[in-house]
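What follows is one structure encoded as structure tokens, with my remarks underneath.
Protein chains: 6
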Amino acid sequence: MIKMAKSLMVRDLTADQIITGFFLVREKEVRNTASGKPYLRMELGDSSGTVEARMWDQFEAAAKDVGRDDFVKVQARVEIYRNKPQLSLQQFRLAKPDEINLADFLPHTTYDVEQLFKALLADAEGMKNPWLKKLVLKVLGQPQIAARYKRAPAAKVMHHAYIGGLLEHVASLCGLAKQIAAHYPELDLDLLLTAAMLHDVGKLDELCYERSVSYTTEGQLLGHIVMELETVSRAMEEIAGFPANLKTVVQHILISHHGEYEFGSPKLPMIREALVFHYLDDLDSKLGAVRAALASDSGEPEWSAYSGALGRKFLRLEEFLKDKTGSGKPPNN
Amino acid sequence: MIKMAKSLMVRDLTADQIITGFFLVREKEVRNTASGKPYLRMELGDSSGTVEARMWDQFEAAAKDVGRDDFVKVQARVEIYRNKPQLSLQQFRLAKPDEINLADFLPHTTYDVEQLFKALLADAEGMKNPWLKKLVLKVLGQPQIAARYKRAPAAKVMHHAYIGGLLEHVASLCGLAKQIAAHYPELDLDLLLTAAMLHDVGKLDELCYERSVSYTTEGQLLGHIVMELETVSRAMEEIAGFPANLKTVVQHILISHHGEYEFGSPKLPMIREALVFHYLDDLDSKLGAVRAALASDSGEPEWSAYSGALGRKFLRLEEFLKDKTGSGKPPNN
Amino acid sequence: MIKMAKSLMVRDLTADQIITGFFLVREKEVRNTASGKPYLRMELGDSSGTVEARMWDQFEAAAKDVGRDDFVKVQARVEIYRNKPQLSLQQFRLAKPDEINLADFLPHTTYDVEQLFKALLADAEGMKNPWLKKLVLKVLGQPQIAARYKRAPAAKVMHHAYIGGLLEHVASLCGLAKQIAAHYPELDLDLLLTAAMLHDVGKLDELCYERSVSYTTEGQLLGHIVMELETVSRAMEEIAGFPANLKTVVQHILISHHGEYEFGSPKLPMIREALVFHYLDDLDSKLGAVRAALASDSGEPEWSAYSGALGRKFLRLEEFLKDKTGSGKPPNN
Amino acid sequence: MIKMAKSLMVRDLTADQIITGFFLVREKEVRNTASGKPYLRMELGDSSGTVEARMWDQFEAAAKDVGRDDFVKVQARVEIYRNKPQLSLQQFRLAKPDEINLADFLPHTTYDVEQLFKALLADAEGMKNPWLKKLVLKVLGQPQIAARYKRAPAAKVMHHAYIGGLLEHVASLCGLAKQIAAHYPELDLDLLLTAAMLHDVGKLDELCYERSVSYTTEGQLLGHIVMELETVSRAMEEIAGFPANLKTVVQHILISHHGEYEFGSPKLPMIREALVFHYLDDLDSKLGAVRAALASDSGEPEWSAYSGALGRKFLRLEEFLKDKTGSGKPPNN
Amino acid sequence: MIKMAKSLMVRDLTADQIITGFFLVREKEVRNTASGKPYLRMELGDSSGTVEARMWDQFEAAAKDVGRDDFVKVQARVEIYRNKPQLSLQQFRLAKPDEINLADFLPHTTYDVEQLFKALLADAEGMKNPWLKKLVLKVLGQPQIAARYKRAPAAKVMHHAYIGGLLEHVASLCGLAKQIAAHYPELDLDLLLTAAMLHDVGKLDELCYERSVSYTTEGQLLGHIVMELETVSRAMEEIAGFPANLKTVVQHILISHHGEYEFGSPKLPMIREALVFHYLDDLDSKLGAVRAALASDSGEPEWSAYSGALGRKFLRLEEFLKDKTGSGKPPNN
Amino acid sequence: MIKMAKSLMVRDLTADQIITGFFLVREKEVRNTASGKPYLRMELGDSSGTVEARMWDQFEAAAKDVGRDDFVKVQARVEIYRNKPQLSLQQFRLAKPDEINLADFLPHTTYDVEQLFKALLADAEGMKNPWLKKLVLKVLGQPQIAARYKRAPAAKVMHHAYIGGLLEHVASLCGLAKQIAAHYPELDLDLLLTAAMLHDVGKLDELCYERSVSYTTEGQLLGHIVMELETVSRAMEEIAGFPANLKTVVQHILISHHGEYEFGSPKLPMIREALVFHYLDDLDSKLGAVRAALASDSGEPEWSAYSGALGRKFLRLEEFLKDKTGSGKPPNN
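If you read the protein sequences in the order shown, they are chains A, B, C, D, E and F.
Residue 334, in the working numbering, is where the first sequence stops; the numbers in between run on with no holes.
Residue 334, in the working numbering, is where the second sequence stops; the numbers in between run on with no holes.
Residue 334, in the working numbering, is where the third sequence stops; the numbers in between run on with no holes.
Residue 334, in the working numbering, is where the fourth sequence stops; the numbers in between run on with no holes.
Residue 334, in the working numbering, is where the fifth sequence stops; the numbers in between run on with no holes.
Residue 334, in the working numbering, is where the sixth sequence stops; the numbers in between run on with no holes.
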């Protein structure tokens, strides 16, 4: 059953509305005014953003049952405080499971994940190396993997940090792999595609991403490289006759794909395709981070917000080039 | 006038030949045998390699006129010493300028540089941004630049370190740029192409590459980034009406293309295209270095020689996968 | 026309005064009290410091026209809040341009910039190398450069971060250069003076310093080293017959003056005078930073405030040596 | 069948003997004298050292069949050249397999490996945690592992770089673990013992150590951490009911035992026992390296040879303290 | 006279009590409510924790005499604010010196320092090297050292950061030293014990720890390594006949005990015992830091708080292993 | 008694002389010719350079008594081998002590050390701070210090690595200190002079420099910073009433003068004069290294030899500026 999208999103709140809607509780606390009177303060969110909410009276009963990461149904008046909407709650209660569509509450890719996944399988089917083809189809074909593969973000904050972000990133890498292999005939396309499809499979379990994105305990202790190494190695063992050295090659590409020891790769890329794949992965991730930085408001019209992932801010090129100072009429060529 | 290729190359020397041929003197010294008798030792080379040469008697007159980086005509017997050919000189003299075709004496690209350069100009002609198109054509159109552009190596030792290597590297980057811009529609192809064509123009004068590849004094004091900055900035100033901010963008892409301070970029890439171009340049250079490492003999069948540029050696993938140990019959898909 | 200095400065505010004066708006926002009543909060400043201001009633009309970086005329009562003065505004309005003397609103050097600049020109006139002398006088003689040279700070926060700070720093460097060249006869004084006078010319446009000190977009993309390289190179080209190698030397000294790649120098100093100038520039900058740290209150009597530029705090030597514990009568020598 | 130890070792060669014996060929080449006459030069070795050997005449037939890493039987005269013995070969031939006892040709531990291994099994039997006990006994009990465990060196050059060195290192770690767990009651001894016994199991296949110690291709591509992760993980999977979280803990301790990313650990130790085990492993390895440095002659009586593994040389404490300069009669306490 | 322990500790405050007790003032300020009414806010503490306190009326007279680091006697009502106790002050005054037992106000070791110190002296008495024994007893026997030795913390925040922490750390190191010397017979136990007892003597004066732990000015300028070097060197000089080279050895062990230049050791350990002692000191310090991190509440049941000293958080092993998911019945061995 | 300077120096050897002279044996070995005949090879030196020497016959008797670091009297013929002089020995014997003047055999400063030292004492006498003046005069006045102060080199290889180099370096620093203190009135000249005179006193015993420059064992274990700390601290203690805090200041300046932890300073400079002195010391040392690099032949006319101390080579400025390419007539100013 596909649930209806939420009708009311945070980004659409406007002053002086009286609204009824569903939100995820991101923070909740009871504060006192300076005169000592307690009031309820919550941070409510959905996939489109976050809004402050306050309730000044008779909140105790409702508040008792509600905690962080719960979903609530609220009735409130929208006020503007320091140029931002804020909710003055009139009443609220825990939402019922069937009132909620999880997808409404976490940001997600704008692509159609089913279609992306189908394209991935098609790329896998097109491989020429029978062993690698069998390996990739075997891994992607496991139902509990396929389902999570379509939901997982690619990271907690660095890049593609939204539902479906991992699949979007992998799909982009497959496209890049095909182009690069066409450009450099010395490269083995099947190895690059295998790397693209399997290099982040460990993230399915390194991260948890039900109501917010965070790390699992296992994920913190092992990391996705070690986790996917186990998944993929087991799959190779289960394929009768899988060549031993090809297994070593696949393992090497997985463990070296971060490119440097300090980023958690226990080996540097020592196979041509491993080196190239590291570049492609790094490039696509960094471009994702640039995109995120440019999408958020920095207060400076010509600059993106500062990106922690990149250690810098980025120029808004179009803004900067708009300024025609000192520019003449374009030359006739 | 196109000179004939040298008929006798170092790589073709075989035992017990008596040969007559032309070589570049790479080293020359007079040594003594343990019994105190002096003899002449030279290292002679051409684009295919290097060979030791010795002359035991009556070498003084001929040796007097000859020094490092001179061309000589020699008559000699080929002997095998420690499994390598060595020349036992019978006589030699300075070669005359019209006996020598410089191209025979430095390793060079296997591509046709005239064709590569034509393709480059065609890419430039195809640009949509009138200012960038004018800029690139203006720089490449300067005769003293075009001529050197077809000869320059891309580096002294790191990658594409042979005559025509720079152009080969640039041509590869233009191809990559077109693919990447097709893959990421947010990217400005014309900026990437401009970067590809101009980012190493400073190398035309940072390096000297007449008889061997080395750095000019100016090259050591300024480096190619600063040198091409001046060349390209002057060209932009000479184009009436060139937009001031576009000039800044082009300058930024040039100075940031090494990507990190420690590699001599005084600014980190802060424009999306600058970041992407840095990745493409780095990838193509590194793959050039891998290619060179794999091409040289390491004594280990499964491994390339150690590459100083990459700080590691690379697996010979085909060799390694040849070993069928533990591999069964490929699956029927 | 020289404007009168502001009669009322932030540093002079005392409790319970009713004041009328002019200030720069550094921040402005409307907040709510806990009981929901909105009030205006501004941060007002001049060259002597910053003060909080609040207005509790009827601020809307006046507040509408006023924003960050505007100048305002205010009437207020000075109150003491947490040991610091605070303004309780009675009324305020935008100041008129002719009521404002910009110099009152940014901290500035305590030296007479006209006199410093004259001394600089005198040093330039005293050079023996005719080419360097011509170069320096040409650059400093450009009216738009001279005017900015007398205003520019040497940095945004690191050292000499106040109006006229750049000139003060350069003047100090010229003095140092003369001493060092006297001490080490092997050094060329004219090169050191040229370096001192031109090494930060790019900062005139890297920074903007009208109402507060910040970076221009061009400054962030190129940096002052690249910017002054263009200015100075063009000047050298415009001097007929300027020796090509001397030009390279001047360019090298400019680009290497930060001394290390990680500080944005694309080349390390490889000329004796370049190395020495780097030391002098670094020393004078660091001493400026120490001076600033010692001038600000740290709460610890024996220690300066922590200096981010230096990564440490500094001992107040006089305070520390005041303590006579364990010290006897000075010896008779 | 236990072979007899070699009767003649390199370390026992003395001048002017005529000897007959067996050696491993470490290097072999044909050189020419200055007068052009070829001679055979070999480096011959056994577990006690290395010796140069030359043959001046009629070596061609014998030399043809012999290469690096072959064993030879030689007859020669011992001469002293530059204060070292050198062999002047009279004749030599390939040794037959049954003439050779491999153990004579690689340096090995001075401990009895069978006894060390028995003690290891006893420690394993003494564990209280039933799962860890079962795991360790299962791994050590695999015949192909046990056999190699008794032979493997702990490293190629860094520490315990001799046959049996790995077992010696592990035995020392088990002893340390017991002491440390007694000292810090908060520590789980069974986890420390498990770490000690399994942390280098991957080295059994990372290194090859038949005739000299070197890395396997698989070892270079994966490293022992990844290799043993697979071995140990498979063993845990094969133990029915092995607790999932305990498996994660064991995996974490294995992958973090190098302690830092730059030494190839993809995760830092985040479990108390993982941190402690890293310290013990590092300490025992470093002490092994110190021992090796002190054992080799440096030419300086008070100093060890320089240790590349430690980046320094070490003081010979006893030598240094022998010097009684300035020391009086010991005090009566 | 031994004072009674404080009867009321911060950790024991519960809602709605009216309490009377003694506390240390850690912070004090006068704030205004949004309506402009001033109130007093203090942070009060003892060895068990910290609590916020507010006084809304008539606080001026009492507040005038009281400042940071003073002790106060307060009467208050305990309220709960944001889930934490808070004091609503009714009255307070400066405490009198004889009402206060300093030990109640700083956290301290749970061991009996007198007993620890006695054990230390016993270890010293047991040394075999007469010079080292005399040295250690001489230093520890100085009354002003012994008294401070029993009070000093081992650090300001990193590890053992409480009264008596230094002695606890040293006692642990002596125990470790005895075990390690038993394990590695090549080690000189007396040198290790000397190192343990003297390596942090400089901290007695580097830190001040009367009412809170901080650095002395001398401590910041010299550091404990340099400070103890002077103390210990003077003691060695005062022992007639102390061997000169043994003095150098002791000095080397002291100055190298941080193990790396970047941690303030001017020399790397170049004596076997110096290297080993560095490991032991580092291990015991790190375990102290782990213990502190695990002892503080992180909000995550399976993880400790983040430890700045270690740059990571630590797993609560018992919590994690409690989870029986996937674990079967323990095997019968 | 002042000995006569050596009459024959290495730098003066010319072809075909028959010479008699005194040299220091830097290396000695017996080699074999390819035909197996042994000959003696020595490297002989004096303060002006090094020369190879060979003896082909009847060298055994003489060679037996002679070793490295001995002085020999030789009779030989000067031959030219590979463009360098070489000695063909006819006879040689150990030199007698009274035939040798040590000063002839190590390179030394070109300044008059007695005069430099007198100037140092005069600077000390001129100090205004009575305590620092007394301290410096006390240290320099110790006879065993004064004598070594006039001989010691400033380093083994980095800079001023010749007899008297330390004093030359200190004298230069005193001159710099006076200039800098005149330039920055905030600086205390007496502290800078004290730093200059005492900062390398530890090198008198860190290095040994009788026949060649090397490190003492104590020097390697402690380093000159720790060694001079002891010397200077003891002198301060012996001055009755020396102020305790001034002592701390002097100690801080000594231990922080290397400026960075990684160069062996256990504390960063946190006193203004300590920071400035670090800069002066570093500048004078680096310029010494530049001078040494420029003085040695690199084979490239425009470049110095590569300086390991500086990690680069330096431009020969005069050579480079000689080239008039592109330079016009100097402008009339």
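Heads up, the beta-carbon is just placed ideally off N, CA and C, and yes, glycines get one too.
Alpha carbon to alpha carbon, how far is residue j from residue i? Give it in angstroms, no decimals.
{"i": "Gly-224/D", "j": "Ser-257/D", "result": "13 angstroms"}
{"i": "Leu-311/A", "j": "Ala-296/A", "result": "15 angstroms"}
{"i": "Gln-87/F", "j": "Thr-51/F", "result": "10 angstroms"}
So, helix, strand or coil for residue i, using DSSP?
{"i": "Gly-300/B", "result": "coil"}
{"i": "Glu-319/F", "result": "helix"}
{"i": "Phe-351/F", "result": "Beyond the ends of chain F as shown, which are 2 and 334, falls residue 351/F; an answer cannot be given."}
{"i": "Ala-54/C", "result": "strand"}
{"i": "Lys-287/D", "result": "helix"}
{"i": "Ile-226/F", "result": "helix"}
{"i": "Glu-30/F", "result": "strand"}
{"i": "Pro-39/A", "result": "strand"}
Might you give, ordered along the chain, the residues of its own chain that have their beta carbon closer than 7 angstroms to the beta carbon of residue i, omitting 5 neighbours on each side?
{"i": "Glu-207/B", "result": "Tyr-216, Thr-217, Gly-220, Gly-224, His-225, Met-228"}
{"i": "Leu-276/B", "result": "Pro-270"}
{"i": "Ser-89/E", "result": "Arg-55, Ala-77, Arg-78, Glu-80"}
{"i": "Asp-282/E", "result": "Leu-174, His-200, His-258"}
So, at 6 angstroms on beta carbons, what are the nonlocal neighbours of residue i in its own chain, with the 5 sequence-adjacent residues on each side left out?
{"i": "Ala-306/C", "result": "Ala-294, Ser-297, Ser-299"}
{"i": "Ser-173/F", "result": "Asp-285"}
Got a sec? Which residues, its chain only, sit under 8 angstroms from residue i by beta carbon, not counting five neighbours each side?
{"i": "Glu-239/A", "result": "Lys-139"}
{"i": "Asn-261/C", "result": "Position check: residue 261/C holds Glu in this sequence, whereas Asn was assumed. The answer, listed in chain order, is Leu-269."}
Can we count residue i as close to the ligand MN, meaning its CB is less than 7 angstroms from some heavy atom?
{"i": "Leu-223/C", "result": "For the structure depicted, the ligand MN is absent and the ligand set is empty, with no information on it obtainable."}
(request) Using a Cβ-Cβ cut-off of less than 9 angstroms, list which residues of the stretch 207-231 of chain D approach chain B; keep chain order. (result) Thr-218, Gln-221, Leu-222
(request) Pull out every residue of the stretch 173-198 of chain F whose Cβ sits closer than 8 angstroms to any Cβ of chain C, in chain order. (result) Ser-173, Gly-176, Leu-177, Gln-180, Ile-181, Ala-183, His-184, Tyr-185, Glu-187, Asp-189
(request) Tell me the start and end of each unbroken alpha helix (DSSP H) in the stretch 61-139 of chain D that is at least 4 residues and wholly inside, in chain order. (result) 61-65, 114-126
(request) With 7 angstroms as the limit, tell me which residues of the stretch 231-253 of chain D have their beta carbon closer than that to any beta carbon of chain A; keep them in chain order. (result) Glu-231, Ser-234, Thr-249, Gln-252, His-253
(request) Select from the stretch 308-321 of chain D all residues with a C-beta closer than 9 angstroms to any C-beta belonging to chain E, and list them in chain order. (result) Leu-311, Gly-312, Arg-313, Lys-314, Phe-315, Leu-316, Leu-318, Phe-321
(request) Could you name the residues of the stretch 260-288 of chain F whose beta carbon sits closer than 8 angstroms to any beta carbon of chain E, in the order they occur along the chain? (result) Tyr-262, Glu-263, Phe-264, Gly-265, Ser-266, Pro-267, Lys-268, Met-271, Ile-272
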